[in-house]
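Following: one structure in structure tokens, then a few remarks.
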Amino acid sequence: MTRLFNSVDAFSRLLSWIAQAVTVVLVISMIYEVVARYVFGAPTIWAFDISYMSTGTLFVLGAAYALKQDAHVRIDFLAQKMPVGIRRSIEGFVFVFLITPIFAGLSKFAIERAWRAFETGEVENVSPWAPLMWPFFAILAIGLVALTLQQLVHGLRVFRGDKDQPFKMEA
Numbered sequence: 249m250t251r252l253f254n255s256v257d258a259f260s261r262l263l264s265w266i267a268q269a270v271t272v273v274l275v276i277s278m279i280y281e282v283v284a285r286y287v288f289g290a291p292t293i294w295a296f297d298i299s300y301m302s303t304g305t306l307f308v309l310g311a312a313y314a315l316k317q318d319a320h321v322r323i324d325f326l327a328q329k330m331p332v333g334i335r336r337s338i339e340g341f342v343f344v345f346l347i348t349p350i351f352a353g354l355s356k357f358a359i360e361r362a363w364r365a366f367e368t369g370e371v372e373n374v375s376p377w378a379p380l381m382w383p384f385f386a387i388l389a390i391g392l393v394a395l396t397l398q399q400l401v402h403g404l405r406v407f408r409g410d411k412d413q414p415f416k417m418e419a
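Counted from 1, the sequence shown has number 373 at position 125 by our numbering; the numbering is strictly sequential.
Structure (structure tokens):
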């Protein structure tokens, strides 16, 4: 099971590095757009598409790594009042049996959506640039699959008792 955990962690880390590179692309493209628009009076037709696709990519590719690092927001005022064993059981159950199946369904939908966009050659209809949509949808699907796997691993770690840090809460 440790091999599975390490593989999912490595995949999440890889996607976070890609998200970091996408951050650079986003910043450079926005600087280019501002200069082109306000200095040369020639706005680009692709800046809006790059910005929303890059932002979506950043969000979805970074989500699994954020979970791995326990960086997601917790509402834990009730959990603080419970014994550690009960907290662990509840969190493990919620992650393995509730959250993971929901995100598995979302991942399946995202994969199907990306495939359909690939098969049909779908383009962004409201954009004058009209980029192909399947690469963006595929990235969203990959990020959702990674988040789903990381949620499963997180829940299994909690059940095993590997994740004690979130359970040592301070008020």
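C-beta: ideal position from N, C-alpha, C; glycine also.
query: By a C-beta neighbour count over all protein chains shown, 10 Å radius and 16 as the cutoff for buried, is Y313 buried or exposed?; result: buried
query: Could you give the distance in angstroms between the alpha-carbon of K356 and the alpha-carbon of R405?; result: 24 Å
query: With DSSP run on the structure shown, which of helix, strand or coil describes L380?; result: strand
query: Cα-Cα, which of V401, F407, L346, G409 is closest to N254?; result: V401
query: Determine the burial state of F307: buried for a count of at least 16 other Cβ atoms within 10 Å of its Cβ, exposed for fewer.; result: exposed
query: Using three-state DSSP, classify V287 as helix, strand or coil.; result: coil
query: Over the uninterrupted alpha helix (DSSP H) stretch that includes F345, give me the two end residues.; result: Premise fails: F345 is in no alpha helix (DSSP H) and is neither H nor E.
query: Using CA atoms only, rank isn't needed, just tell me which of H320, Q328, M381, T305 is closest to V272.; result: T305
query: Over what stretch of residues does the alpha helix (DSSP H) that includes G304 continue unbroken?; result: 295-316
query: Below 9 Å between beta carbons: does that hold for G403 and V342?; result: yes
query: With DSSP run on the structure shown, which of helix, strand or coil describes V371?; result: strand
query: Quick one: measure Cβ to Cβ for I293 and P376, integer angstroms, because I've assumed they're closer than 8 Å.; result: 5 Å
query: Three or more C-beta pairs closer than 8 Å, one from the segment 356-376 and one from the segment 314-333: is that the case here?; result: no
query: L388 and A358 look like a contact to me (Cβ under 8 Å); what is the Cβ gap, rounded to whole Å?; result: 5 Å
query: One question on the structure: do M301 and P379 come within less than 9 Å of each other, judged by their Cβ atoms?; result: yes
query: Quick one, are the C-beta atoms of S260 and K316 less than 9 Å apart?; result: yes
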